[in-house]
Amino acid sequence: MRIVLLGPPGAGKGTQARRLADSTGMKHLSTGDILRAEVAAKSELGLLAKGFMDTGDLVPDSNIIAMIQQYIDDPAGVLLDGFPRTVVQAESLDNSLEEAGLPVDKVVHMSVDTDELVKRLSTRAICKNCQTPYNLESDPPAKAGVCDNCGGEVTVRDDDKPEAVLNRMKVYQELTAPVLDYYKSRGDVAEIIATGTPDSVFEKLSQAIGSGVASN
Ligand code: AMP
714 MRIVLLGPPG AGKGTQARRL ADSTGMKHLS TGDILRAEVA AKSELGLLAK GFMDTGDLVP
774 DSNIIAMIQQ YIDDPAGVLL DGFPRTVVQA ESLDNSLEEA GLPVDKVVHM SVDTDELVKR
834 LSTRAICKNC QTPYNLESDP PAKAGVCDNC GGEVTVRDDD KPEAVLNRMK VYQELTAPVL
894 DYYKSRGDVA EIIATGTPDS VFEKLSQAIG SGVASN
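If you're matching positions, the sequence shown starts at 714 in my numbering and goes up one per residue.
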């Protein structure tokens, strides 16, 4: 099964995709997480991506499309988080899946109003090592700056700083919102309002995806 999670920065795609991957055994494919690992490793792709990421711009489609090819036909099923982010990426995904004889089974759009998104992003921190997300107000690590999960360093992402957040919202409207229309025109988008506790959002997501998939 291949599930696409769509939604603006701060909608909670990563948090929910992790939970869903844990409960279903599906592979969580986050292009943001992969890119941050490339940046940390100072690989050729990481060095190229860093400049785009720090300002909240998108890494070029060709780099992203090449990067994800190896993952999309994982037999465990794939939860796509942060991809596709442009219509070109969505078309490329369709072509690759068609070649592999695999469809996109479900597209879920997680919506949250803009004020809430900005608030969430301004209090968000992440483990540099395992990428576990935290909210410094409502869900901080037990020991400040230290990941509960792996002991790694918990920091604010450069692209969660105010200037980059504004640009990410703009980029989302201009380049990623059309991806929602692309999937809507095919009629298979489930809409959920992704506000409330992470548990309540997970409940809505599980229902949107259908029983059996998200059950533990
Ligand atoms: P995320 O963790 O999903 O918010 O992604 C962080 C940053 O990585 C984005 O602001 C982009 O710079 C880059 N990025 C992640 N996924 C993509 C993608 N599918 N296409 C282009 N850039 C991406």
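All C-beta atoms, glycine included, are put in the ideal place defined by N, C-alpha and C. Bear in mind that the values here come from a model prediction, so they are computed numbers and not experimental data.
Classify residue i: buried if its beta carbon has 16 or more other beta carbons within 10 angstroms, exposed otherwise.
i, result
"C840", "buried"
"Q886", "exposed"
"L793", "buried"
"S924", "Caution is warranted here: a pLDDT of 48 is assigned to S924, below 50, making its placement in the model unreliable, and the coordinate value is therefore given only provisionally. With fewer than 16 other Cβ atoms within 10 Å, it is exposed."
"A838", "buried"
"I906", "exposed"
"T744", "buried"
"G723", "buried"
"E757", "exposed"
"A921", "buried"
"T737", "buried"
"L718", "buried"
"A927", "Bear in mind that a pLDDT of 41 at A927, under 50, signals an unreliable position, so the model cannot answer this."
I need the boundaries of the beta strand (DSSP E) containing residue i, first residue and last residue.
i, result
"Y784", "First-last for Y784: undefined, no H or E at that position."
"V823", "Reading the sequence as shown, one finds Met at residue 823 and not Val. Per DSSP, M823 belongs to the beta strand (DSSP E) from K819 to S824."
"R798", "No beta strand (DSSP E) holds R798; DSSP gives it neither H nor E."
"N848", "P846 to N848"
"K726", "No beta strand (DSSP E) holds K726; the alpha helix (DSSP H) holding it covers K726 to T737."
"E904", "V902 to I906"
"K841", "Taken as a continuous stretch (DSSP letters only), K841 belongs to no beta strand (DSSP E), as it is neither H nor E."
"K856", "Careful: K856 lies outside any beta strand (DSSP E) and carries neither H nor E."
"V772", "It is not in any beta strand (DSSP E) - V772 carries neither H nor E in the DSSP assignment."
Return the residue from the list the options that minimises the CA-CA distance to residue i.
i, options, result
"G909", "L761, M882 and L918", "L918"
"S805", "A779, D787, D818 and D826", "A779"
"F915", "T728, M714, G814 and K740", "T728"
"D882", "A762, L771 and Y895", "The question names Asp, but residue 882 is Met in the sequence shown. Of A762, L771 and Y895, the residue nearest in Cα terms is L771."
"L834", "A813, V869, V801 and Q844", "V869"
If you follow the alpha helix (DSSP H) that residue i is in, where does it begin and where does it stop?
i, result
"Y896", "A890 to K897"
"K834", "Note that residue 834 is Leu in the sequence shown here, rather than Lys. T827 to S835 is the extent of the alpha helix (DSSP H) around L834."
"K755", "First-last for K755: undefined, no H or E at that position."
"S919", "P911 to I922"
"R881", "P875 to V884"
Between residue i and the ligand AMP, is the CB less than 7 Å from at least one heavy atom?
i, result
"D901", "no"
"S743", "yes"
"I777", "yes"
"V772", "yes"
"G720", "no"
"D786", "no"
"L931", "Here the chain comprises residues numbered 714 to 929, so residue 931 is not present and cannot be evaluated."
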